[in-house]
DNA sequence: TTGCTTACTTACTACTAAGTAAGTATATTG
DNA sequence: CAATATACTTACTTAGTAGTAAGTAAGCAA
C-alpha cells in the first residue's frame, strides 16, 4: 500500500490520507500504527529488505546466471505494474529523509550491491557470467541500469526497460 | 536556483519560499515571474534542454569518443556538487507533474537519447567506440547508468559514480 | 508631466499536511 | 465479571502550501 505509493508518487508526494482513504479508515488510524511519516517509510524499506533477503535465499541453489534472470524478473514485474524501484524513488528524495530512513536506504543499497557482487564473482568463476573489470563495478552498473530503466520507462515508454534488460543480459550471459 | 532545488530536494519537496528567501524577496515575487509551480518546472526543463543543445553543438567537431567524455564530465561535475540529474529527479515525480511538464520531460529524454544514439552510431563507424547490439539500446544503457550513478552516489557514497563512469568508458573506448 | 510598465510588497484565501488528545467499541484475559 | 489492551473515531492544532488581489515605488516613453 504505502510501498506502491512511494513507487508511484514518491515519498514526499503522498499523504496519510492516500493510505487511509482506500482502506476506509481515518487519517489518525494510520498514525496509530505509524506515529510519524518516517516510521511509515522505515516500514516500507524494512519490508523490502526482508523480501529481498527471502528471495535471494530461495534462489541460492540456482546457477548464477539464472539468479540474475530472477532478479531481472522482479524488475520486469515492477515495470509492468508502472512502479519504479524503491532505491530509485528514495534516492531522489534522500536529502529530505530522516536520518533513520537514510540509514535504511543505505542498508538496502548495500545489501543489494553485496549480493549482486557476490553473484557476479561466483558466476565468473563458474564461467556462467562474463564481464570485464571488477565484480563490484559491474554490480553497480547493473544496479544502476535496472534502477534507471524503470525511471526511463515511465518517461520514454515501457519498451525502454525491455531494451535495456535484454542488452544487459546478452552482454553478461 | 530552482534547478539546484529540483536536483537536491526534488520537485515536490521544495516551495516558493525556498526560492524567494535566499533572494531576499517575498513569495509573491516568484509568483509574478512564474504564476504556477508548473511554470517554474517548465522553466527549469527548458533551460536544461537549451543548455544541452548548446553543449552538444559545441562538441560537434570533436571525435565521438571525446564527445562522450564531455558528456560524462557534465555528470562528474553534478556528482561533485551533490546534484542528481534532472531526468532522474523528474522521472521519479513524473506521475505527479502537470501534463505540460510531463511533455517537456519526455522531450528532454528524447533529445538526449537521440543525440547519444547518433553519437554511438557515428563512433562505431569511425571505430572510436565499440559495443554490441543496437546503438539505441546502448544509448539507453549509458543514459540509465549516468542517471543512476548520481542517485547511487548519494546513497552509497560519491565513489559509486566514479566506478561506474570508469568502467563504462573502459567498456566503450 | 502624465501615463504606462516592471517588479515587486502586503495581506490575504483556501487548502492540505503531519501530528495529537481524548473518547469509544470490541475483543481478550485473569 | 472486571480489567485491560487493541484498533480505531472524532475533533482538533499547528504549520506549511500554492496562489491571488490590491497597492506601490521606480524607471521609461511620448
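Residue numbers (full-length UniProt numbering), protein chains in the order written: chain A, 1 to 173; chain B, 1 to 173.
Note that beta-carbon positions come from the ideal geometry of N, C-alpha and C, so glycine has one too.
Check                                                                                                                                                                                                   : Outcome
Taking CB distances under 8 Å as the criterion, tell me whether residue 156 of chain B reaches chain A.                                                                                                 : yes
Over the uninterrupted alpha helix (DSSP H) stretch that includes residue 84 of chain A, give me the two end residues.                                                                                  : It is not in any alpha helix (DSSP H) - residue 84 of chain A carries neither H nor E in the DSSP assignment.
Since residue 83 of chain B and residue 10 of chain A are thought to touch, with beta carbons under 8 Å apart, how far apart are those beta carbons, to the nearest angstrom?                           : With 8 Å as the limit, residue 83 of chain B and residue 10 of chain A do not qualify as a contact, their Cβ atoms being about 18 Å apart.
Suppose you measure from the CA of residue 159 of chain A to the CA of residue 28 of chain B; what does that come to, to the nearest Å?                                                                 : 42 Å
How long is the line joining the alpha carbons of residue 56 of chain B and residue 70 of chain B, rounded to whole angstroms?                                                                          : 9 Å
Expressed to the nearest angstrom, what Euclidean distance is found between the alpha-carbon atoms of residue 146 of chain B and residue 36 of chain B?                                                 : 31 Å
How would you call residue 33 of chain A, buried or exposed, if buried means at least 16 neighbouring beta carbons within 10 angstroms?                                                                 : exposed
Assign residue 79 of chain A to one of two classes, buried (16 or more other C-beta atoms within 10 Å of its C-beta) or exposed (fewer than that).                                                      : buried
May I ask you to verify whether the segment 120-130 of chain A touches the segment 155-170 of chain B, counting CB pairs closer than 8 Å and requiring at least 3?                                      : no
Kindly provide the ranges of any alpha helix (DSSP H) runs that are 4 or more residues long and lie completely inside the segment 54-134 of chain B, ordered along the chain.                           : 64-81, 86-92 and 99-125
Can you find at least 3 beta carbon pairs, one from the segment 50-68 of chain B and one from the segment 84-98 of chain B, that sit closer than 8 Å?                                                   : no
Determine the DSSP secondary structure at residue 26 of chain A, reduced to helix, strand or coil.                                                                                                      : coil
For residue 41 of chain A and residue 101 of chain A, which I take to be in contact (beta-carbon distance under 8 Å), what is that distance rounded to the nearest angstrom?                            : 5 Å
Keeping to the same chain, check which residues put their C-beta closer than 8 Å to that of residue 47 of chain A; ignore five residues upstream and five downstream.                                   : 3
Using 8 Å for Cβ pairs, my map puts residue 14 of chain B next to residue 5 of chain B. What's the rounded Cβ distance?                                                                                 : 4 Å
Which residues in chain A have a C-beta closer than 9 Å to the C-beta of residue 4 of chain B? List them in chain order.                                                                                : None at all; the shortest Cβ gap to chain A is about 11 Å.
Beta carbons nearer than 9 Å to chain B: which residues of the segment 102-129 of chain A have them?                                                                                                    : 102, 105, 106, 108, 109, 110 and 113
Is the shortest distance between the beta-carbon of residue 76 of chain B and the beta-carbons of chain A less than 8 Å?                                                                                : no
Helix, strand or coil, according to DSSP, for residue 43 of chain A in the structure here?                                                                                                              : helix
Under the rule that 16 or more other beta-carbon atoms within 10 Å means buried, what is residue 8 of chain B, buried or exposed?                                                                       : buried
With C-beta atoms as the reference, is residue 113 of chain A less than 8 Å away from residue 143 of chain A?                                                                                           : yes
Since residue 164 of chain A and residue 149 of chain A should fall inside the 8 Å C-beta cutoff, what is the C-beta to C-beta distance between them, to a whole number of angstroms?                   : 4 Å
Give every residue of the same chain whose Cβ lies closer than 8 Å to the Cβ of residue 126 of chain B, excluding the five residues on either side of it in the sequence, and list them in chain order. : 63 and 64
Considering just the uninterrupted stretch of the alpha helix (DSSP H) at residue 170 of chain A, what are its terminal residues?                                                                       : 159-172
Sorted by chain position, which residues of the same chain lie with C-beta nearer than 7 Å to residue 171 of chain A's C-beta, five sequence neighbours on each side aside?                             : none
Can you tell me whether residue 148 of chain A is helix, strand or coil according to DSSP?                                                                                                              : helix
Decide if residue 139 of chain B is buried, meaning its Cβ has at least 16 other Cβ atoms within 10 Å, or exposed.                                                                                      : buried
Measure the alpha-carbon distance for residue 50 of chain A versus residue 1 of chain A and round it to whole angstroms.                                                                                : 16 Å
Give every residue of the same chain whose Cβ lies closer than 8 Å to the Cβ of residue 17 of chain A, excluding the five residues on either side of it in the sequence, and list them in chain order.  : 27
Output yes if chain A places a C-beta closer than 8 Å to the C-beta of residue 1 of chain B; else output no.                                                                                            : no
Here's the rule: buried if 16 or more other CB atoms are within 10 angstroms of the residue's CB, otherwise exposed. What is residue 181 of chain B?                                                    : Coverage of chain B is limited to positions 1 through 173, which leaves residue 181 of chain B absent and any answer about it impossible.
Between which residues of its own chain and residue 110 of chain B is the CB-CB distance below 6 Å, once the five residues before and five after are set aside?                                         : none
Using only the alpha-carbon positions, how far apart do residue 61 of chain B and residue 116 of chain B sit?                                                                                           : 15 Å
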